[in-house]
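Protein sequences appear in the order of chains A and B.
The first sequence lines up with residues 1 to 351 when you count with the numbering used here.
The second sequence lines up with residues 352 to 1015 when you count with the numbering used here.
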Amino acid sequence: MKLILSTGNIIGSKPSIARRPLIEKSNTELTTSLRAHFASCQSLAATHSASQSSTAPTNSPSSSSPSQPPSYEAWTQPLPPSSSSNENTQKTLLIPSPKLAPPTPLAEDRAAYDITIKLFYLPSVRVEKRAAQTREALRTVCAALGVSSVDLCIVSFPGVAFDAEDEDSVPPSPSSDPTQNQNSDPTDDPTTDGDAEEGETDTPDESLESMIATWHTLETLYSTGAIRKLGVAEFNTSLLSRFLAATAVGPAVDQINVRDCCVVPKPLILFAKEKGVELLTHNDCTDILPRGTVRELLGAAGVLVRDGDKGKGLRGEVEPQWVVKYTAVVKDRGVVESKGYFAVAELEEEG
Amino acid sequence: MGLLALGTPLDWSEAKKAAPQVREWGIEQLLATWRRARGKERDALLWGDEIEYLVVCYDDAARKVKLSLRQADILAALAGDEKLLREGGGVEDVHRGPIQEGDTAPVFHPEFGRFMLEATPGKPWGIGFKDLLDVEPNMKRRRIIAKEHMARTEYPITLTTFPRLGRNDCTTPSYPVSGEKLRSQFLPDEIANPHIRFPTLAANIRARRGRKVEINVPVFRDENTTWPFKDPTVNYNLHKWPEDDDVRNGAAKNNHIYMDAMAFGMGSCCLQITFQAKNIEEGRKMYDQLSPLGPILLALTAATPIYKGFLADTDVRWNQISRAVDDRTAEELGEKPLKNDRWRIPKSRYASNSTYISNDQNLRREYMDPSLVVDEKLKQRLLDGGMDELLATHFAHLFIRDPIVVFAEDLKVLDLDKVDHFENLQSTNWQHMRFKPPPPGIDIGWRVEFRPMEIQITDFENAAFSIFIVLITRAILSFDLNFYIPIVRVSENMETAHVRDAVNTQKFYFRKNPFSSRSGTTSAEGHSGTSTPAADSRPASPLGAVEDEYDLMTVDEIINGQQSGSDGFPGLIPLVENYLNSMNVDVETRCGLAIYLDLIRRRANGSLWTAAKWIRHFVSSHPDYKKDSAVSDEIQYDLVKAAEEVTRHEGRNGLASEMLGKRS
C-alpha cells in the first residue's frame, strides 16, 4: 500500500518556527509539521464524530474517552487502485484525509507566483523508480496548489553533500572526461550518518550515470513546460561541471546549504557565473526522512501498529520513497503564501 | 518633509479661526481619497528609506566645528548639477531628472533645520533580494554626492543631534539669538529653513501654546557634576519678548538640560522607512504589527546622549522632539481647567501612536486605548461617508489637532482632487507609525511609514536596520505574525526606550506568542470560508486574559529569542531567518544579509555598543572631559571628527569596533 503523508500549508504554523534549535533543519520542520498536521486532523475528526454522536448517542466512543485518539480510518482516506496506471495497481492511503484538510489553492493569478519544489530522492530506492516518482511528485504539488506548472524544480540526490573544505583543493576540470571521473570525488559518497543500523548503507553510491538517467525525466518535463527551470542541490564545482557536460538541459540552479553561504569557494562562484548557474541557499537536511522516522510518526499517530500490539491499525514494514517540499511566493511582494511537504512511503503489509 | 505650496501664511490668531474649516475640508478630501483608493489592489512591495544629515563645518586651525547653515546653497548646487539630473537625481520639488530604467541617482530634500539635508533613493526599492544589497552602496553614494556639493570644510554627518546645538557660536554664519519667530534665548531664527512654512510652523506652535516650547532633558550625573544641577546656560535676565518670562516662571527644571525651541527637536536626524502595501488591508495590518516594534527599534538604535553641550541621562531623541513641537495649551495639558479648549490631550502631536487600525481578527478590543480622544463630529462624517469604525476613529483622533500653518489662498475653494488640507493635519501628526493613503494623480498605493529609528553613524548600520525592518514586514505577512499588545503598553515601552543603555538594562512589554491563532494548526482553519462541516463544528478557542499574552522581555530576548522554555518568544531574527529559508536567496545575498543580521543580533545581546554608548565612552575618555557632564567645544570637535572617520572606515581601522565589530 502506498502512503501519502502531507503537512498541509505550514506557513505560519507555530511548531515549525518555534522549535529549538532556531536555525532549523528541514527534517525537523518536516517531522514536526507532519506530527502537528496529523494531530490537528485527528482532533477535527474527533470533534466531528462527537458532534455527530450528539444526534446518535449510541455510537460515541470518542466523546466517552477523549484522550483516546480516533481510529486512523476516521482521519485518513483510502483511494482505490488507479486504473490509469497499468504498472501500479496498489491501494493508496492519504494521511490525513483531504476532506479534513482541504488544499488551499493559490489566491492570485498563477503569474503572480514563484513556485519552487524540491524533490528529495531517497536512498534504498531503485533509480528506475525515480522517473515515475518525479512525475507523481510534480502532479501532487500542482494539484494541491491548483496550478499546472512550477517555476523551479530542484532535485536532491541521496548522499550528495557539498563540502566547502574539499572544494578548494579540487579545481574545476570541465575538460576531463566525465565518465572517467565518475565517483572519484569524495563528495559523491553517500553520507553514512542516518539509519546506519537499519542497513541502508547497502545502497549503492549515487553515480553520475544514475543522476543523469534521473535527469532525463526532468528534461522531458522541462520541454513540456511543466517545469520552467531545473536545479540541483549540493553540487561542487567538479560534479557540476561533469553534470553540465553530460546533460542537454543543464541545471540553472545549484543549491548550497546556508551554513556554507559565506564560505562558498571562489572557483565555484566563478564557474557557476560562467555557466549561468545560480547558486542559491537552502537549509534542508540531506537525510530528510529516514525509515525509522516514518515508522515512529505513523506509529504515534495510530496508523501503524507494531507486532503484538492490539488495536486497529496497519501492520507491516514501511519504506520511504520520496519527499517533496514546495513553496509558493508572491513574487513582487516577497510574501510566502504556501509552503508544505508531501512524503510517500510504501507499506509492505503483513498477512 | 516635502515643501508644501507657497502662499500667505496666517498668523496664529487667524489660523485658529480657520481651523474648523481646514479640518472639515481635510476630512472631505480624505473621504474622496478613500472612495477613490479603497479598492486599490495588488500593488507591489515598494519601499524607500530616508537618510538625514547634519552639515558640519570644520575650522581645523581653531579646532572647532559648527553647523553650516548653507542648506539652500547646497541644494541649489545639487539642483543645478547636470550630471546628477541626467542620471535621474536632483532635488525634490525643485529640479530632478527623469527616473531611469535601471540605476537612478539619488534625490535630495530640504529639511526643517537649515543645517540639515535629507537624501532618498532616486526610485523606490523592490523586494528582489539583490535590491537589498544595493541599499548600502546607494546610501554611500548619496553621502558622496552630498559631500561633492559642499565646501571643502563641510561634511554630511549622520549624528542624530549636534552635540552643542544651542551654545554660543554653534552655527556658521553666526546670527543673534532671540529672533521674532522662535524667541529662543539659545538659537537664532535663522536656524530654521527660511521657506515660510518652517518659521511659521515654529512661531504658530509657540503662539498656540501661549509660551515657548519647553524641553527638559535629565542631565547625566557624573562624579563632578554640580548637584542639584542648574543649567548654567540659562539666561534669566532677558526682557525682549513676553516669552522671556518662561524661565522666570520655572520653565527650566533642576537637574535638567533646558531648551526652548522647535529646532532642538526637529533638528534631529532619523532613519525612516516607508512601505507600499498590496492593498489597504495589508497596509492596516503592517501599521498595527510594526507599531509594537517601534520602541524596541528605538532602544536598539539609541544614538542621542548629548544635548546643548551636556551629557544627558537618556539615550534617544524621541521625547525631545515630542516636546519641541508640543503645541498643547495649558488647558489641554491639564494644567488649567478646560474653559476655551475642547479637551485634555494626553500626548504631543509628536508621540507614539495611539490607535490600531487593522480589521484583523487578532485585534482585541482590550488592546485599544480607553482614553483615546477623538473628534466625534468628524468621525461621524467619516462613518456617514462609508468609512469603517476603526479607520474613522484613527483619523478622527489625528484630527483633534489644529492645523498650524494655514495659507489664506487655500481657504477659498474646496478642491477634492487635492489633499492639501488632509495632509496639513496628517503630516503634522508625527506619530511613530504613519498610515498614508494613496496620493491623487499618481499610481502609488497605501503606505506605512516606520518612524522611530535613530540615524546611525555609518551607512552600513543604516542599511542594516532598513533591511532588517523590510525583512520583518515580509516575515509578518508570510507567517501572519501577531505582535499585538495593548497600545498603552507600547506607549510605556516608548518611555522605557529612553533610559540610558535601555537595550542592555531594561525590559519591554512584548507578546509571548506571535503566531496567529488561526494559523496555529492547519490550513483547514484558514479555510473557514468554505463549508467543511468538520471545520464549522469546531468550537472557537476561548481567549485568555490579555495580561497573559505578553510579558516583560529584554531587547535581546525580543530580537534573538528567549532561550529558556519551549514556548518562549522565538525572536525577530530567527523569524527573519526562517523566512529567508523559505525563499530562493542566492549565496552572495544571503551572506550579505547575514552580516546585517549579525550586527543587529550583537547590538541586541550587548556584545556591540549602540552609538549612544560609543559617544558616551568617547566623551568620558576624552582628556578635556572633567567628569562634570559638560561636553566642551574641544570634545565636540574631536567627537565629530571621529564620527566622520567612523563613517569613512566603518570600524575597519579599529576605531569604533566596539560598535561595529571586527569588519573585514
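Glycine included, each C-beta is placed from N, C-alpha and C at the ideal position.
CB contact flag (residue i, residue j, <8 Å)
i	j	result
B/VAL799	B/ASP664	no
B/GLY477	B/LEU396	yes
B/ARG515	B/ASP984	yes
A/ASP109	A/ASP151	no
B/TYR587	B/ARG599	yes
B/MET490	B/ILE425	no
B/SER673	B/GLN782	no
B/GLU505	B/VAL407	yes
A/ALA137	A/LEU122	no
B/PHE463	B/GLN422	no
B/SER535	B/LYS563	yes
B/VAL936	A/LEU280	yes
B/PHE786	B/GLY377	no
A/GLY311	A/VAL305	yes
B/LEU959	B/LEU950	yes
A/SER149	A/ALA252	no
Straight-line Cα distance separating residue j from residue i
i	j	result
A/SER173	A/PHE157	Reliability fails at A/SER173, whose pLDDT of 46 lies under 50, so the model's placement of it is uncertain and no value is given.
A/GLY302	A/ILE10	22 Å
B/GLU1001	A/GLY334	30 Å
B/GLU487	B/PRO721	42 Å
B/LYS368	B/PRO754	10 Å
A/TYR341	A/ARG135	16 Å
B/TYR860	B/PRO527	46 Å
B/THR856	B/LEU641	23 Å
B/ARG1014	A/HIS282	26 Å
B/VAL725	B/LEU662	38 Å
B/PHE549	B/ALA543	7 Å
B/VAL906	B/VAL927	16 Å
B/SER364	B/ASP520	34 Å
B/ARG557	B/LEU533	8 Å
B/ILE708	B/SER699	20 Å
B/SER1008	B/LEU649	21 Å
B/GLY1005	B/ARG494	22 Å
B/GLU996	B/ALA945	25 Å
B/ALA602	B/LYS581	12 Å
B/MET1010	B/HIS607	28 Å
B/ALA994	B/LYS659	18 Å
Residues that DSSP places opposite residue i in a beta bridge
i	result
B/CYS621	B/GLU805
B/SER415	According to the sequence as given, residue 415 of chain B is Lys; it is not Ser. DSSP, once it has assigned bridges, lists B/ASP410 as partnering B/LYS415.
B/PRO697	DSSP lists no partner for B/PRO697.
B/PRO790	DSSP output for B/PRO790 lists no bridge partner at all.
B/VAL458	B/GLY441, B/THR471
B/SER817	In DSSP, B/SER817 forms no bridge with anything.
B/GLY464	B/ALA543
A/THR293	Paired residues: none, contrary to the question.
B/THR905	B/LYS858
A/SER6	A/PHE342
A/GLN77	A/LEU94
B/GLN627	B/ARG798
Per-residue contacts from residue i into chain A (C-beta, under 7 Å)
i	result
B/PHE819	Residues of chain A passing the Cβ test: none, with the nearest at roughly 14 Å.
B/ARG941	VAL258, CYS261, THR281
Contact set between residue i and chain B, taken where Cβ atoms lie within less than 9 Å
i	result
A/GLU274	The contacting residues do not exist; A/GLU274 stays about 15 Å from chain B at best.
Partners in chain B for residue i, counting only beta-carbon separations shorter than 8 Å
i	result
A/ASP332	ALA395, LEU396, GLY477, ILE478
A/GLU278	ASP937
Partners in chain A for residue i, counting only beta-carbon separations shorter than 8 Å
i	result
B/LEU828	ARG333, VAL335
B/ALA945	CYS261, CYS262
Per-residue contacts from residue i into chain B (C-beta, under 7 Å)
i	result
A/THR116	ASN935
A/LYS339	SER933
A/ASN27	Within chain B, no residue comes near A/ASN27; the closest Cβ sits about 13 Å away, beyond 7 Å.
Contact between the region 801-811 of chain B and the region 639-648 of chain B (3+ Cβ pairs under 8 Å)
Short answer: they touch.
Should the region 429-441 of chain B be regarded as contacting the region 385-399 of chain B, the criterion being three or more beta carbon pairs within less than 8 Å?
No contact exists between the region 429-441 of chain B and the region 385-399 of chain B.
Just checking, does the region 626-640 of chain B make contact with the region 811-831 of chain B on the three C-beta pairs under 8 Å criterion?
Proximity of the region 626-640 of chain B to the region 811-831 of chain B meets the contact definition, three or more beta-carbon pairs being nearer than 8 Å.
If you pair each beta-carbon of the region 362-381 of chain B with each one of the region 769-777 of chain B, do three or more pairs fall below 8 Å?
Cβ pair count under 8 Å is three or more, so yes.
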